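> Take a look at the following structure, please.
Listed below in structure tokens is the structure:
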């Protein structure tokens, strides 16, 4: 949908008249244009129909272009003359932002330029904690602000412009109206209002419509038409894609022959909106981190509040409330005996820090021969050097760097499926290798229960319990990498809870900020911290953006959502829906396995899949999934609904049936 959203600084500022005049100007300029309303209140009833007053004004201005009558222009109509949420409640109904957006898009079909007129100001409530701002974000149209030129206009206009920009919306400009006749006393005030709004708001004054009794169409349209020269034109859908292809290096792809990319305009809930307007159900939660979905109001509010106060300050020698509060929250939620928090920039960096902690711990204990990490094949811990060294050495993504990396000790892949009885034989080789090399081992590091990017395997909780026992018997630390699994992904707050195991060092990241920005943390026991710090020892690690207050504030808000919502029920629902929607794939040729745990669903193929072919197929079918190796999998936001989950499953089933994976 191309066009503009028109909002007022308040109610009764001449917004409908400005919308109608701008509509006529667009029509006169040769555009196939229409003006629409998401909600109209105060509708009188005539002959059993609710009559919308604002579209009647549009119809008067646009009459020559709609000889058969102005089309339906309202998504919802209500009799009470009050705010939309209250009018809906009085009618025993509710308003839903997504439904309003879909309704507007349906009404706009076939028109090249669409004007969407809001109701009152931009913060008018729509119910369920949403406001007109949320609808504006959902539509992502440039916004035109209408301000009545009177005392207080500057304050109201600047506040409106500021809140719009704070929501990431483009302000196309301001239309000034004059709903009352000027007097000799306020002419200077009105001239100054126009200049002050333009200067302080940094937005163009698109038009200054004078007071015109009777609202003559031709005269008001002539003033509004001047706005057309200042309004931003719609961007080409493919703007920037050529530059992206030629100059931007995306992850795990060639710089010269990259995989195709899709340009994203916005995201909301469990949906990604592409630049061409197509919506994709997001089955990846942005590489598993956007657990609450996109544009979550609590996270956005936390970011805006902290951004206005202090986006960053160095953590060396300084501290701040967001970091203190976050670390307190983390320790309250984490397994018992974890007492210290080291904040890191990303998941990979947290693994680096955890490895360094383990090595410093052994140095401080005088066990200088313990310099290796013990892990299992099939794991993935990140892309930095220390993290790469404990990823799968043969089938992972880092075999090119084998000569550079420290040589660690690898046990076989845990071959003990989560949902089957535990076979002690699967641990025998792991135990033998550990006891044989125990004098070299500083720490065991594994992803608990779920091996993520290394293969999406779910292994039995007993395997992790036995690793904990081995580590304890030989004085070795246990590092658990919960970057992918932490904060509810497997159905437990932390995956290690399936085994009843507490690590010595715990890495968390990804979902920590709800997918809003990068942040991770390393949690350690008092024993680890005291040993490293004995004799005046210091931990030798300190990223520049460590403890970033902006990220910490958002992370606190994300953890707050988990605390106040029944996330366990949501994850159980996602698990049931994934099992239901992915289950039919078991019967398809070429499928080796289908497995589900928590909010993770996996279809494993017998052979590697055609990633570009599948990616294109999925986008064409309205979903976003990112296959790799032999795996087609989903780790969606916890808020994904049944219909959206069904779309994921249907797309995967259809792709395999159509052989798009070959």
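Numbering (this note's numbering), first residue to last: 4 to 665. We put the CB at the ideal spot given by N, CA and C, even for glycine. Quantities reported herein were computed from a predicted structural model and do not represent experimental measurements.
Determine the direct distance from the alpha carbon of residue 463 to that of residue 507, and round the result to whole angstroms.
Each residue's alpha carbon lies about 20 angstroms from the other.
> When we look at the beta-carbon of residue 264 and count the other beta-carbons within 10 Å, is it buried (16 or more) or exposed?
Result: exposed.
> Please report the Cβ distance between residue 60 and residue 14, rounded to the nearest whole angstrom; I am assuming they are in contact, meaning their Cβ atoms lie under 8 angstroms.
Not quite, the Cβ-Cβ distance comes to about 15 angstroms (not below 8 angstroms), so this is no contact.
> How many Å lie between residue 88 and residue 277 at the Cα?
If you take the alpha carbons of residue 88 and residue 277, they lie about 30 angstroms apart.
> Note down the Cα distance separating residue 11 from residue 129, rounded to an integer number of angstroms.
Cα to Cα, the separation comes out at about 16 angstroms.
> Can you give me the C-alpha to C-alpha distance between residue 733 and residue 555, rounded to a whole angstrom?
Absent from the model: residue 733. The displayed extent of the chain is 4 to 665, so no value can be given.
> Please report the straight-line C-alpha distance between residue 193 and residue 335, rounded to a whole angstrom.
For residue 193 and residue 335, the distance between alpha carbons rounds to 57 angstroms.
> Please report how far the alpha carbon of residue 551 lies from the alpha carbon of residue 315, in whole angstroms.
Cα to Cα, residue 551 sits roughly 5 angstroms from residue 315.
> DSSP state of residue 617, grouped into three classes?
The answer is helix: DSSP assigns residue 617 an H, G or I state.
> Run through the region 386-435 for me and flag every whole alpha helix (DSSP H) of 4 or more residues, listed as ranges in chain order.
The region 386-435 contains these whole alpha helix (DSSP H) runs: 388-392.
> Where does the unbroken alpha helix (DSSP H) through residue 197 begin, and where does it stop?
Its alpha helix (DSSP H) spans residues 190-204.
> Based on Cα-Cα distance, which residue from 583, 212, 600 and 652 lies nearest to residue 624?
Comparing Cα-Cα distances from residue 624 to each of 583, 212, 600 and 652, the minimum goes to 652.
> When DSSP labels each residue in this structure, what does residue 611 get in the three-state scheme?
Coil, per DSSP.
> I need the straight-line Cα distance from residue 358 to residue 407, nearest angstrom please.
Approximately 17 angstroms between the Cα atoms of the pair.
> Starting from the N-terminal side, write out each stretch of the beta strand (DSSP E) that is 3 residues or longer and does not extend beyond the region 145-192.
Listed in chain order, they are 146-151 and 174-180.
> Report the residue ranges of all beta strand (DSSP E) runs contained in full by the region 351-382; include only those spanning at least 3 residues, in chain order.
Correct list: 375-379.
> Among residues of its own chain, excluding the 5 on either side of residue 412, which ones have a beta-carbon nearer than 6 angstroms to its beta-carbon?
Counting only Cβ-Cβ distances below 6 angstroms, and skipping sequence neighbours, we find 375, 377 and 440.
> Would the beta-carbon of residue 150 fall within 8 angstroms of that of residue 177?
Contact flag set, yes.
> DSSP state of residue 663, grouped into three classes?
DSSP places residue 663 in coil when its eight states are reduced to three.
> Quick check on residue 327: buried or exposed, where buried means 16 or more other Cβ atoms within 10 Å of its Cβ?
Exposed, by the Cβ-count rule.
> Are the CB atoms of residue 319 and residue 545 nearer to each other than 8 angstroms?
Yes, Cβ-Cβ distance for residue 319 and residue 545 is below 8 angstroms.
> Going by the CB atoms, is the gap between residue 21 and residue 2 shorter than 8 angstroms?
Absent from the structure is residue 2, since the part of the chain shown begins at 4 and ends at 665.
> Which one or two residues does DSSP pair with residue 133 in a beta bridge?
Its beta-bridge partners are 130.
> Taking DSSP as the reference, what is the three-state secondary structure of residue 332?
If DSSP states are grouped into helix, strand and coil, residue 332 belongs with the helices.
> I'd like the span of the beta strand (DSSP E) that includes residue 271, first residue to last.
Residues 267-271.
> Residue 622: which of 267, 162 and 170 sits nearest, CA to CA?
Among 267, 162 and 170, the Cα nearest to that of residue 622 is on 267.
> Just reading off the beta strand (DSSP E) that residue 1 is part of, what are its end residues?
The displayed coordinates of the chain run from 4 to 665. Any statement about residue 1 would go beyond what the structure contains.
> Just to confirm the assignment, what range does the beta strand (DSSP E) spanning residue 320 have?
Counting along the chain, residue 320 falls outside any beta strand (DSSP E), and DSSP gives it neither H nor E.
> So which of 158, 153 and 275 has the shortest CA-CA distance to residue 184?
Considering only alpha carbons, the answer is 153.
> Going straight from the alpha carbon of residue 629 to that of residue 133, what length do you get?
Approximately 31 angstroms, taken between the alpha carbons.
> With DSSP collapsed to three states, give me the class of residue 566.
If DSSP states are grouped into helix, strand and coil, residue 566 belongs with the helices.
> Below 8 angstroms between beta carbons: does that hold for residue 613 and residue 562?
Their beta carbons are not under 8 angstroms apart, which means residue 613 does not touch residue 562 by this criterion.
> Are the beta-carbon atoms of residue 226 and residue 116 separated by less than 8 angstroms?
Not closer than 8 angstroms, so no.
> Taking Cβ to Cβ, would you say residue 525 is nearer than 8 angstroms to residue 356?
Yes. Within cutoff.
> Just to confirm the assignment: which complete beta strand (DSSP E) runs, minimum length 3, are found wholly within the region 621-664?
634-637, all fully within the region 621-664.
> Going by C-alpha to C-alpha distance, which of 180, 514 and 469 sits closest to residue 214?
Closest option to residue 214, Cα to Cα, is 180.
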